[in-house]
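Below is one structure, written out as C-alpha cells; the observations come after it.
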Amino acid sequence: MNTTRRQFTIGALMAAAAGTTPMLVQAQSGKTIAVLFDGLYSEFWVAGMQIIKDEMKKRGYAVLEGISDKDDSKQFEQVRAMIARKVDGIIIVQTDSKAVIPAIRAANRANIPMVHFNRPPAESDAYSVAVVADNQTIAREAVLHSCRTAKQAGGKFKAAILIGNLGDPNAIQRRDGFQEAVSQFSDTIEVVARIPTEWNSDKAFAGLTNALQANPDINFLFTSSDFLIPQITQALKSADKWAPIGDPKHVIFTGFDGFPTAYELMEQKYMDACGVQNLFFETKLAIDAIIQMQEGKKPEKVLLDPGFAITQANMMEKREEMWGYTLLKQKKSG
Amino acid sequence: MNSRNRITILLLQAAPYLLFLAILLVFGSLSDRFLSLANFTNIVIQAAPVAILAIGMTFVLLTAEIDLSVGAIMYLTGCILGLYLGGVPWPVGLAVVLIASALLGAVNGVLVAYLGITSFIATLGTLFIGRGIAMSVSNTASVYFPEAITSLNRAAVFGIPSAIVAVAVVFVIAWVLLQQTPFGRQVYAVGQDRDAATKAGLPARRIVFFCFVISGALAGMAGFVSSTQIGAITASYGLQAEFSAIAAAVLGGTSLFGGRGGVKGALFGALLIQTAANGLVIINANPYIYPLVTAGIIFIAVAVDGLRSRMLERLERRFIRPWEIA
Chain A
2 MNTTRRQFTI
12 GALMAAAAGT
22 TPMLVQAQSG
32 KTIAVLFDGL
42 YSEFWVAGMQ
52 IIKDEMKKRG
62 YAVLEGISDK
72 DDSKQFEQVR
82 AMIARKVDGI
92 IIVQTDSKAV
102 IPAIRAANRA
112 NIPMVHFNRP
122 PAESDAYSVA
132 VVADNQTIAR
142 EAVLHSCRTA
152 KQAGGKFKAA
162 ILIGNLGDPN
172 AIQRRDGFQE
182 AVSQFSDTIE
192 VVARIPTEWN
202 SDKAFAGLTN
212 ALQANPDINF
222 LFTSSDFLIP
232 QITQALKSAD
242 KWAPIGDPKH
252 VIFTGFDGFP
262 TAYELMEQKY
272 MDACGVQNLF
282 FETKLAIDAI
292 IQMQEGKKPE
302 KVLLDPGFAI
312 TQANMMEKRE
322 EMWGYTLLKQ
332 KKSG
Chain B
272 MNSRNRITIL
282 LLQAAPYLLF
292 LAILLVFGSL
302 SDRFLSLANF
312 TNIVIQAAPV
322 AILAIGMTFV
332 LLTAEIDLSV
342 GAIMYLTGCI
352 LGLYLGGVPW
362 PVGLAVVLIA
372 SALLGAVNGV
382 LVAYLGITSF
392 IATLGTLFIG
402 RGIAMSVSNT
412 ASVYFPEAIT
422 SLNRAAVFGI
432 PSAIVAVAVV
442 FVIAWVLLQQ
452 TPFGRQVYAV
462 GQDRDAATKA
472 GLPARRIVFF
482 CFVISGALAG
492 MAGFVSSTQI
502 GAITASYGLQ
512 AEFSAIAAAV
522 LGGTSLFGGR
532 GGVKGALFGA
542 LLIQTAANGL
552 VIINANPYIY
562 PLVTAGIIFI
572 AVAVDGLRSR
582 MLERLERRFI
592 RPWEIA
C-alpha cells in the first residue's frame with residue numbers, strides 16, 4: 002500500500018470535502034440565524050429543523066443551516082464559521098454535552114446568543130440557554146398509564162425496555178422515568194429485559210428478538226423513541242405477538258416522542274400510550290429565547306418543555322398538541 | 272519449530288474458538304434457554320447481515336486493503352430499494368440492489384487499484400459521499416419497506432429461514448471462489464506480497480479491483496437481508512457497520528495485514544459477536560456491560576492476530592547463530 006504524497010493529498014482532499022460540506026443557505030438580508038444540528042436522524046429532528054426554519058423565516062430572519070454528522074469538531078468549526086459571518090444567533094443540537102462548551106465560550110466572546118435545542122450542555126460557567134423536554138416525567142406519566150392498564154387487566158406482566166444511547170442524557174432520563182413507573186407496580190410488572198439500542202435500529206431489532214426468545218411471555222414494552230417502531234413491529238410480528246388492544250396476544254406498548262407512526266398505532270389500537278415532546282412549544286421557546294438574548298435579556302439557562310402523555314383515554318382531546326398527528330394531518334390533506 | 276512454539280501457535284489459532292466455547296459455557300450456565308436450537312437459529316438469523324458483510328470484507332482484507340464504505344453502501348442501496356423499488360417484485364429489487372452496490376464497490380476499486388489512493392482514505396471519502404447522497408434522496412426521513420420485502424423475514428425455504436438461506440448461499444459461493452479457483456489463489460498471493468505477485472505476472476490491480484466489487488455487492492446483499500428484518504431505515508442505518516464487519520473477519524482469523532484468513536472465519540466471527548450479544552440480552556445483563564464485553568472480544572481477537580503475526584514472523588526468520596532458535 003505504498004502511497005505517493007500526491008495520491009495521499011488527492012484522497013485526503015476528497016474525504017475532507019465530502020465530510021465537511023455543510024448545507025449552507027446564503028442569507029439575503031436583515032438578521033441571520035444559524036441552525037446547527039448534529040444530524041437529522043429521525044422524523045423528530047427533521048420536523049424540528051423544518052419548524053424552526055419556517056418560524057424564523059416568518060419572523061424575517063435568513064437561516065443558515067449546518068449538519069455536523071455527529072462530529073463535535075466539525076460542529077465547532079461550523080460555529081466558528083457562523084461567528085465569522087456575524088450571525089445574530091445560533092440554535093444548536095450538539096452530539097456531546099461537554100464537547101460543545103468551547104463553542105458556547107466562542108459564542109459568548111462574540112456576544113452571539115446560543116440556544117441548545119432539545120439537548121442540554123454539561124454544566125459550565127459559559128452562558129447559553131437550553132430548551133429541553135422533561136423526559137423523565139413524560140416517560141413516567143406515559144408508562145404509568147400502561148401500568149394501570151396492566152393492573153386493570155389483572156395477572157402478571159413481563160416487561161422489556163428499549164433503551165437509547167447510554168451516553169445521551171435524554172435516553173437515561175426516559176429509562177429512569179420508565180423505572181420509576183414500573184417500580185410502583187412491582188407486584189404486577191417484572192422487568193425481564195433491558196435492551197441497549199445505541200439508537201441503532203439493527204441493534205433494537207436484534208435485542209428485542211433475543212429478549213422475546215428468552216422470554217416468550219413478554220407482554221409489556223416501552224421504547225425510548227418512536228423511531229424504533231418499525232423494528233418493534235417486525236420483532237413482534239415474527240414472535241406472533243403483534244395484536245391490537247383487546248386481543249389476548251396484545252403486548253401493552255408505550256412509545257416516546259410522538260411520531261406520526263405512533264399516532265397511527267394508537268388510532269389502530271396497537272399502542273396504549275405515548276410520551277410526547279411538545280415540538281411546537283420547544284421551537285417557540287428556543288426562538289423566543291434567542292430574540293430575548295438579542296434584546297439584552299438573560300433568560301434562565303434551562304427552559305423546560307413539560308410535554309404530556311397521550312393515551313387511549315385522552316387521545317381525542319390531546320392529539321392536536323401532538324406534532325406527529327399534525328404532520329400526519331398535513332400529509333393526508335396534501 | 273520446537274514443540275513449545277507449535278503449542279503456542281496452535282493456542283493462538285484456537286483462541287477465537289476457545290473464546291466461543293467460553294461464551295457458550297458462561298451463558299449456558301446462566302440461562303437454560305440459551306443453549307437451545309431455537310435460540311441458535313435466532314442467533315444465525317440475526318448474524319446474517321454482519322456475516323455477509325464480513326465475508327465481503329474478507330476479500331478486501333486478504334489483499335491488505337480495507338473498505339470503510341460498506342455501511343454507506345447498505346444505507347444508499349436501502350434507500351434505493353425503499354424509495355424507488357417498492358412496487359417491483361423482490362427478486363428484481365434484489366437484482367437492482369446488487370448491481371448498484373457492485374457499481375459502488377467498483378468506484379472504490381478504481382480509486383484504490385487504478386488511481387492508487389490508499390484504501391483507508393478512498394473508502395472514507397466514498398463513505399461520506401454515499402451517506403450524503405442517501406441522506407439527500409431520503410431527505411433524512413425514515414425509509415419504509417413494503418410488506419413484500421418485510422414478509423421475507425418470516426419466509427422459509429424447506430423450513431430453513433430465509434436469512435439463513437441467504438447467508439449459506441453467499442458463504443458457499445465465496446468459499447468456492449476463494450478456495451477452489453485461480454482467482455482465490457491470486458487474492459492470497461497479492462495479499463501476502465503484492466510486489467512479488469506483480470513480478471510473477473499476476474494482475475494485482477485487477478484482483479484488488481474485483482475484491483472491492485465483491486465487497487460492495489455483498490454490502491448491498493447484507494443491506495437487503497437487514498431490510499427484510501428491520502422494516503425501515505433511518506439516517507443512522509449502517510453507521511459503523513464496517514467496524515462490525517472488520518471485527519467479525521478479524522475474529523475469524525483474517526489478518527489485517529493481508530494474505531491470511533478466509534470466509535469460514537468471517538462467518539464464525541459474526542456468529543461469535545452475535546452469540547455474545549444474544550447471551551447478554553438473555554441473561555438480562557446490565558446495559559452498561561454490553562460495550563465492555565463486545566470491546567473485550569474484539570480486543571482479544573486483534574491482540575491474538577498481532578501476537579500470531581509476530582510469532583510467525585519470528586519463526587520464519589533465518590538465524591545465523593543456532594542458539595537464537597528458540
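Residue numbers (my numbering), protein chains in the order written: chain A, 2 to 335; chain B, 272 to 597. The beta carbon of each residue, even a glycine, is placed where N, CA and C say it ideally should be. Computed from a predicted model, the values in this text were never measured in an experiment.
Amino acids of chain B, ordered along the chain, whose beta-carbon sits closer than 7 Å to that of residue i
{"i": "Leu329 (chain A)", "result": "Going along chain B, no residue has its Cβ under 7 Å from Leu329 (chain A), so there is no contact; the nearest lies around 13 Å."}
7 Å Cβ cutoff met for residue i and residue j
{"i": "Ile196 (chain A)", "j": "Leu163 (chain A)", "result": "yes"}
{"i": "Val341 (chain B)", "j": "Ala519 (chain B)", "result": "no"}
{"i": "Val101 (chain A)", "j": "Glu66 (chain A)", "result": "no"}
{"i": "Lys159 (chain A)", "j": "Val193 (chain A)", "result": "yes"}
{"i": "Trp200 (chain A)", "j": "Asn166 (chain A)", "result": "yes"}
{"i": "Ala393 (chain B)", "j": "Leu382 (chain B)", "result": "yes"}
{"i": "Ala318 (chain B)", "j": "Leu551 (chain B)", "result": "no"}
{"i": "Gln463 (chain B)", "j": "Gly536 (chain B)", "result": "no"}
{"i": "Ile253 (chain A)", "j": "Ser147 (chain A)", "result": "yes"}
Residue i versus residue j: straight-line alpha-carbon distance, rounded
{"i": "Tyr62 (chain A)", "j": "Asp126 (chain A)", "result": "29 Å"}
{"i": "Ser580 (chain B)", "j": "Ala274 (chain A)", "result": "56 Å"}
{"i": "Leu365 (chain B)", "j": "Phe480 (chain B)", "result": "23 Å"}
{"i": "Gly276 (chain A)", "j": "Met406 (chain B)", "result": "27 Å"}
{"i": "Thr312 (chain A)", "j": "Ala143 (chain A)", "result": "7 Å"}
{"i": "Leu347 (chain B)", "j": "Gly455 (chain B)", "result": "29 Å"}
{"i": "Arg585 (chain B)", "j": "Leu423 (chain B)", "result": "50 Å"}
{"i": "Ala343 (chain A)", "j": "Tyr264 (chain A)", "result": "Nothing about residue 343 (chain A) can be read from this structure; chain A reaches only from 2 to 335."}
{"i": "Gly533 (chain B)", "j": "Ala371 (chain B)", "result": "25 Å"}
{"i": "Leu369 (chain B)", "j": "Ala236 (chain A)", "result": "26 Å"}
{"i": "Pro23 (chain A)", "j": "Gln76 (chain A)", "result": "Confidence at Pro23 (chain A) is low in this model, with a pLDDT of 43, below 50, so its placement is unreliable and the value that follows should be read with caution. C-alpha separation (whole angstroms): 10 Å."}
{"i": "Glu322 (chain A)", "j": "Phe282 (chain A)", "result": "9 Å"}
{"i": "Leu286 (chain A)", "j": "Phe399 (chain B)", "result": "34 Å"}
{"i": "Lys157 (chain A)", "j": "Ala412 (chain B)", "result": "38 Å"}
{"i": "Leu25 (chain A)", "j": "His117 (chain A)", "result": "For Leu25 (chain A), the predicted model reports a pLDDT of 42, less than 50, meaning its position is unreliable; a value from the coordinates is still stated below. Their backbone Cα atoms lie some 19 Å apart in a straight line."}
{"i": "Pro417 (chain B)", "j": "Gly494 (chain B)", "result": "15 Å"}
{"i": "Ser98 (chain A)", "j": "Ala104 (chain A)", "result": "11 Å"}
Same chain only: Cβ atoms within 6 Å of residue i, ignoring 5 sequence neighbours per side
{"i": "Phe391 (chain B)", "result": "Ile337"}
{"i": "Leu395 (chain B)", "result": "Leu339"}
{"i": "Ala240 (chain A)", "result": "Leu213"}
{"i": "Thr96 (chain A)", "result": "Asp39, Lys71, Asp73"}
{"i": "Ala205 (chain A)", "result": "Leu163, Thr198, Leu229, Gln232"}
{"i": "Gly208 (chain A)", "result": "Ile196"}
{"i": "Phe45 (chain A)", "result": "Asp258"}
{"i": "Lys250 (chain A)", "result": "Lys242, Ala244"}
{"i": "Lys270 (chain A)", "result": "Pro245, Ile246"}
Chain-order list of residues whose beta-carbon lies under 7 Å from that of residue i (same chain, five-residue window excluded)
{"i": "Val331 (chain B)", "result": "Ile337, Asp338, Cys482, Phe483, Ser486"}
{"i": "Val573 (chain B)", "result": "Val521"}
{"i": "Leu510 (chain B)", "result": "Gly342"}
{"i": "Ala48 (chain A)", "result": "Leu280, Trp324, Leu328"}
{"i": "Gln1 (chain A)", "result": "Absent from the model: residue 1 (chain A). The displayed extent of chain A is 2 to 335, so no value can be given."}
Under 7 Å by beta carbon: chain A residues contacting residue i
{"i": "Val552 (chain B)", "result": "Ala194, Ile196, Gly208, Asn211, Ala212, Ala215"}
{"i": "Ala506 (chain B)", "result": "Gly40, Leu41, Tyr42"}
{"i": "Pro558 (chain B)", "result": "Ile164, Leu167, Arg195, Pro197"}
{"i": "Thr421 (chain B)", "result": "Gln235"}
{"i": "Ser302 (chain B)", "result": "Ala215"}
Contacting residues, own chain, Cβ-Cβ under 8 Å from residue i (five flanking each side not counted)
{"i": "Tyr385 (chain B)", "result": "Arg476, Phe480"}
{"i": "Glu268 (chain A)", "result": "Met316"}
{"i": "Ile34 (chain A)", "result": "Met57, Tyr62, Ala63, Val64, Leu65, Val88, Asp89, Gly90, Ile91, Ile92, Ile291"}
Cross-chain neighbours of residue i in chain A, by beta carbon under 8 Å
{"i": "Arg425 (chain B)", "result": "Lys238, Ser239"}
{"i": "Ala309 (chain B)", "result": "Gln214"}
Where residue i meets chain B, residues with beta-carbon distance less than 8 Å
{"i": "Val47 (chain A)", "result": "Asn410, Thr411, Ala412"}
{"i": "Glu44 (chain A)", "result": "Ala412, Ser413"}
{"i": "Thr234 (chain A)", "result": "Gly502"}
{"i": "Phe228 (chain A)", "result": "Ser413, Thr505"}
{"i": "Pro114 (chain A)", "result": "What Pro114 (chain A) touches in chain B: nothing, since even the nearest Cβ is about 27 Å away."}
Neighbour list for residue i in chain A, Cβ cutoff strictly below 9 Å
{"i": "Ala548 (chain B)", "result": "Lys204, Ala207, Gly208, Asn211"}
{"i": "Val275 (chain B)", "result": "Position check: residue 275 (chain B) holds Arg in this sequence, whereas Val was assumed. Ordered by position in chain A, no residue passes the 9 Å Cβ test against Arg275 (chain B), which lies about 34 Å from the chain."}
Beta-carbon neighbours of residue i, restricted to chain B and to distances below 9 Å
{"i": "Trp243 (chain A)", "result": "The premise fails here: Trp243 (chain A) is roughly 11 Å from chain B at the closest Cβ pair, so nothing lies under 9 Å."}
{"i": "Asn201 (chain A)", "result": "Ser507, Tyr508, Leu510, Gln511"}
Counting only runs that start and end within the segment 300-326 of chain B, where is the beta strand (DSSP E) found for 3 or more residues in a row?
-> Those beta strand (DSSP E) runs which fall completely within the segment 300-326 of chain B and span 3+ residues do not exist here.
Can you list the beta strand (DSSP E) stretches of 3 or more residues lying completely in the segment 49-76 of chain A, in chain order?
-> Runs of beta strand (DSSP E) with 3 or more residues, each lying fully within the segment 49-76 of chain A, are found at 63-68, listed in chain order.
Entirely enclosed beta strand (DSSP E) segments - the segment 357-388 of chain B, minimum 3 residues | If we require 3 residues or more, the segment 357-388 of chain B turns out to have no beta strand (DSSP E) run fully inside it.
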